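J.: Residue numbers (our numbering): 282 to 494.
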Amino acid sequence: MSWKLFWLLVEAARLTVLLSAGAIAIGFLIACLVCAGMLSHNRVARGAGRLFVSFFRGTPLLVQLLLIYYLLPSIGLDVPSEVAAITGMALCTAAYQAEIMRGGLGAVPSGLLEAAEMTGMSAAQTFRRIRLPIAFKLTLPALVSEAIMMLKSSSLVSVVGVIELTRMAQDLAASTYRPLELYAAAGLIYLVINIVVALLGTGLEARLRWGRI
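Below you can see the structure in the form of structure tokens.
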């Protein structure tokens, strides 16, 4: 396989990383709101959070992407395919991240929370200084795994017209009749990206363990 073809795959991989990173970041912000809703004492907020998680965890990402892609123009929002792709991926990963965060917050030892209350900390201080840091440490491996899953799932955004890594490999394979080399190269690029993400997560986990963050 020529370097020109490989470089086209690398350029498509750059778009894959940008889309995935944007979706994961936006999804994290949405997940914080959804998690807060599920843990809220307000029945409506709690029900809305659970409904959100149930829908986006219970339906395939492919269906979600197609729904958003055709829904946005129908309500007057004519956006690029990349925006529809990021929106669909962000909402999907938000549901999984919210559930991960909810589990992490629930796993914080009650003894620590009681001790914080006895020292006179307010509920907000306890959440910010004790519950949130511990929950983040507990959930970091799961959040990294979710990020890797979203990177791999980004191959589905080709259905809404985005030419990411997998779609580029398909197009090049159809035009050059060299599918084995191109799909192998695409798989290698995915592997390298995911290894980098896993190493970053491991490094961050180590820094948290040693109190450097």
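Backbone N, C-alpha and C fix where the C-beta goes; we use that ideal spot for every residue, glycine too.
Keep in mind the model is a prediction, meaning the values are calculated, not measured.
(1) Do the CB positions of D445 and T297 come within less than 8 Å of each other?
(2) Alpha carbons only, please: which of R331, L290, S355 and A450 is nearest the one belonging to C316?
(3) Mind checking whether L419 and A388 have CB atoms under 8 Å apart?
(4) Would the region 378 to 394 count as touching the region 409 to 418 if we require 3 or more Cβ pairs under 8 Å?
(5) Going along the chain, which residues of its own chain have a beta-carbon closer than 6 Å to the beta-carbon of S434, five neighbours each way excluded?
(6) Buried or exposed, going by whether 16 or more other CB atoms sit within 10 Å of the CB of I470?
(7) Would you mind reading off the limits of the alpha helix (DSSP H) that contains A479?
(8) Are at least three pairs of beta-carbons, each pair with one atom in the region 472 to 485 and one in the region 403 to 413, less than 8 Å apart?
(9) From the DSSP output, in three-state form, read off D452 for me.
T.: Reading it off the structure:
(1) Looking at the sequence provided, one finds Glu at residue 445 rather than Asp. Yes; because the gap between Cβ atoms is below 8 Å, this pair is in contact.
(2) R331
(3) yes
(4) yes
(5) L342
(6) buried
(7) P460 to R490
(8) no
(9) helix
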